[in-house]
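Engineer: Quick note on this note's numbering: the sequence shown kicks off at 3 and runs consecutively.
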Amino acid sequence: MVKRFKILVSIIKRMPKSVIGLMASLLSPSFLFYCYKTDSVDSVDNIIVNNTGLNSFTTLSEGGDIMYLSYDKTGKPIKVTHLKRFGNDLPTVLPFYDKTNPNSLITKERIWLENWISGKPLDPLKSDEIKHAIDWLVDFQDKTRGASMTRSDVQSEVSYIKGNLVKIPDVNKPEYVKWIDDYQEYMEGLRIVKTAEHGDFWQGNILVDHSKERINVIDWQYYKESGNPFFDFIFFIVNILLLGGGIEEFSSNLNEGGRLSHITKEMNRKINNYFGFELNLEILIRYVILRFIIRRQLESGPHDKTVMMFKKLINTQ
Numbered sequence: 003m004v005k006r007f008k009i010l011v012s013i014i015k016r017m018p019k020s021v022i023g024l025m026a027s028l029l030s031p032s033f034l035f036y037c038y039k040t041d042s043v044d045s046v047d048n049i050i051v052n053n054t055g056l057n058s059f060t061t062l063s064e065g066g067d068i069m070y071l072s073y074d075k076t077g078k079p080i081k082v083t084h085l086k087r088f089g090n091d092l093p094t095v096l097p098f099y100d101k102t103n104p105n106s107l108i109t110k111e112r113i114w115l116e117n118w119i120s121g122k123p124l125d126p127l128k129s130d131e132i133k134h135a136i137d138w139l140v141d142f143q144d145k146t147r148g149a150s151m152t153r154s155d156v157q158s159e160v161s162y163i164k165g166n167l168v169k170i171p172d173v174n175k176p177e178y179v180k181w182i183d184d185y186q187e188y189m190e191g192l193r194i195v196k197t198a199e200h201g202d203f204w205q206g207n208i209l210v211d212h213s214k215e216r217i218n219v220i221d222w223q224y225y226k227e228s229g230n231p232f233f234d235f236i237f238f239i240v241n242i243l244l245l246g247g248g249i250e251e252f253s254s255n256l257n258e259g260g261r262l263s264h265i266t267k268e269m270n271r272k273i274n275n276y277f278g279f280e281l282n283l284e285i286l287i288r289y290v291i292l293r294f295i296i297r298r299q300l301e302s303g304p305h306d307k308t309v310m311m312f313k314k315l316i317n318t319q
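#1: Going by other Cβ atoms of all chains shown within 10 Å of its Cβ, with 16 needed for buried, is leucine 62 buried or exposed?
#2: Based on the DSSP output, what are the partners of serine 150 in its beta bridges?
#3: So what does DSSP say about proline 79, is it helix, strand or coil?
#4: Using alpha carbons as the reference points, say which of Val240, Arg261 and Thr266 lies closest to isoleucine 295.
#5: List the DSSP bridge partners of glutamate 250.
#6: Of all the options His200, Gly260, Leu245 and Asn275, which has the alpha carbon lying nearest to the alpha carbon of lysine 226?
#7: With DSSP as the reference, please indicate the residues paired to aspartate 67 in a beta bridge.
#8: Below 8 Å on the Cβ atoms is my guess for isoleucine 49 versus serine 72; work out the distance and round it to an integer in Å.
#9: Alpha carbon to alpha carbon, what distance is there between threonine 60 and aspartate 44?
#10: Could you have a look at asparagine 117 and say whether DSSP puts it in helix, strand or coil?
#11: Got a sec? Which residues, its chain only, sit under 7 Å from tyrosine 188 by beta carbon, not counting five neighbours each side?
#12: Are the Cβ atoms of valine 210 and glutamate 131 separated by less than 7 Å?
#13: Is it true that the stretch 179-197 meets the stretch 147-158, where meeting means three or more beta-carbon pairs spaced less than 8 Å apart?
#14: If you drop the 5 nearest sequence neighbours on each side, which residues of the same chain put their C-beta closer than 7 Å to that of phenylalanine 235?
#15: Give the secondary structure of aspartate 183 by DSSP, where H, G and I count as helix, E and B as strand, and everything else as coil.
#16: With DSSP collapsed to three states, give me the class of isoleucine 220.
#17: What residue range does the alpha helix (DSSP H) around serine 263 cover?
#18: How would you call arginine 216, buried or exposed, if buried means at least 16 neighbouring beta carbons within 10 angstroms?
#19: Just to check my reading of the structure: valine 179 and lysine 169 have Cβ atoms closer than 8 Å, yes? What is that Cβ distance to the nearest angstrom?
#20: Quick test of your reading: valine 219 and threonine 102, contact by CB under 8 Å. State the CB separation rounded to the nearest angstrom.
#21: Mind checking which residues open and close the alpha helix (DSSP H) that includes serine 228?
#22: Tell me, to the nearest whole angstrom, how far the beta carbon of threonine 83 is from that of leucine 96; I am working on the premise that it is less than 8 Å.
#23: How many Å lie between tryptophan 222 and arginine 112 at the Cα?
#24: Between the Cα of proline 231 and the Cα atoms of Ser58, Lys133 and Val290, which residue gives the shortest distance?
#25: Residues in the same chain with beta-carbon distance under 6 Å from leucine 335, minus the five sequence neighbours each way, listed in chain order, please.
#26: When you compare only the Cα positions, how much space is there between leucine 292 and serine 161?
#27: Just reading off the alpha helix (DSSP H) that lysine 137 is part of, what are its end residues?
#28: Answer with buried or exposed for arginine 288, where buried requires no fewer than 16 other C-beta atoms within 10 angstroms of its C-beta.
#29: Does DSSP classify lysine 164 as helix, strand or coil?
#30: With a Cβ-Cβ cutoff of 7 Å, do threonine 197 and glutamine 143 count as a contact?
#31: Apply the 10 Å Cβ neighbour rule to leucine 192 and answer buried if 16 or more other Cβ atoms are within range, or exposed otherwise.
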C-alpha cells in the first residue's frame, strides 16, 4: 500500500499545475464551516440574503477571503459580498463599498457588499480597447488637474524612492540610484501640473463593457487626489507590454521593433499628443518600475510573483 501511495504521489508531482487544479476541483469536496461562540440569530447566508434581497448565490474562495456572488431571477450577477475568513462579529447590516469610486475607501469591516461590475479585463492585444483606456485616463486627468508640479514635489518623490531602496538590498544598487537622479533632473526641466492618480491602472483593473460601449475602472486603494500625471500612463504601458509580449520581448516592443510595435506606436502617439511633447520613456519607465517594486515588496514580500517579475524586468533596462 505504501509503495502504491508513493507511486501515486510521484505521478501527481509530474502533472502540470493546471491538471492538478482541475482534478482537485472535480474530485475534492469543498466545505465551509461557520463556528460561533454564542447562539447566532442569523447565519452568514441569511445576512447576505437579507442585505441583497437576492436568494441565489455562488460561494467562491479567494485566498484570505470568501466571495459570494448573488444573482437575480434571470441568473444575472447583481451583488458581490466579501467575507474575511477570520474575524469577530458579523454585522446584520452590511457596509457598502463602491469599487468604481475614487473617494470610496476599502472598508475595514470583516464583511462588506459591492455592486457587480460588468465587463471583462482589457485585452492587451486589442488596440481599440487600449485606445478607450487611454481616452478614459486622459478624461480622468483633465477633470482632476491641479497645481503645477514643483521641484519640492519631485524631491519628495526622489526621497521616497531612495529612502525605501535601502530596505530592499537586491535593488539598492548604484545604477538604480543613478536612474532616480536622472529622473529628478528630467522632471525638474519640465512644466507640468499635478493630477489625481489611480495608482494601479493596468488591464486587470480596467473592465471593458462592450454591451454599453464603455469601460469601468475598479480598485482604487492606491488613489491619490494629487499626484504624478505620468505614473498611470507609464504603468499602463509597462503592463500592456509585459502581459502582451513578456519580459523577453519588452525592449523590442517598447522600441517599436517587436510584434506589438503597432500597439506601442499608437500608445506613444496618443500619450505624447496629450502632454504636448515626446516623453522620455526610458527615464520614466525606470522610475515607475522602481516605485512599484518598493510598494509591492513592502506589502507582499520579496517572494511575491509580481515583485520577482518586475525585478527581472529592471535587469533588462
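Where a beta carbon is used, it is the ideal one built from N, C-alpha and C, also for glycine.
Predicted, not measured: the structure shown is a model, and the values here were computed from it.
Structural biologist: Based on what the coordinates show:
#1: exposed
#2: Val195
#3: strand
#4: Val240
#5: According to DSSP, glutamate 250 bridges with nothing at all.
#6: His200
#7: Glu64 and Lys86
#8: Not confirmed; about 12 Å, so no contact.
#9: 19 Å
#10: Here asparagine 117 sits in strand by DSSP.
#11: Asn282 and Ile285
#12: yes
#13: yes
#14: Excluding its 5 nearest sequence neighbours in each direction, phenylalanine 235 has C-beta neighbours in its own chain below 7 Å: Leu139 and Ile273, listed in chain order.
#15: helix
#16: Coil, per DSSP.
#17: Per DSSP, serine 263 belongs to the alpha helix (DSSP H) from 263-277.
#18: By the neighbour-count rule (16 or more Cβ atoms within 10 Å), arginine 216 is not buried but exposed.
#19: Contact doesn't hold; Cβ gap of about 14 Å is too wide.
#20: 7 Å
#21: Segment 226-229 is the beta strand (DSSP E) holding serine 228; no alpha helix (DSSP H) there.
#22: Cβ-Cβ separation between threonine 83 and leucine 96: approximately 7 Å, consistent with a contact (criterion under 8 Å).
#23: 19 Å
#24: Val290
#25: No answer is possible for residue 335: the residues shown for the chain start at 3 and end at 319.
#26: Going by C-alpha positions, leucine 292 is about 13 Å away from serine 161.
#27: It should be pointed out that residue 137 corresponds to aspartate in this sequence rather than to lysine. It spans 129-145 - the alpha helix (DSSP H) in which aspartate 137 sits, taken as one unbroken run.
#28: Around the beta-carbon of arginine 288, 16 or more other beta-carbon atoms lie within 10 Å, marking it buried.
#29: In the structure shown, lysine 164 sits in a helix (DSSP, three-state: H, G or I).
#30: For the 7 Å CB-CB criterion, threonine 197 and glutamine 143 form a contact.
#31: Exposure of leucine 192 is indicated by the presence of fewer than 16 other C-beta atoms within 10 angstroms of its C-beta.
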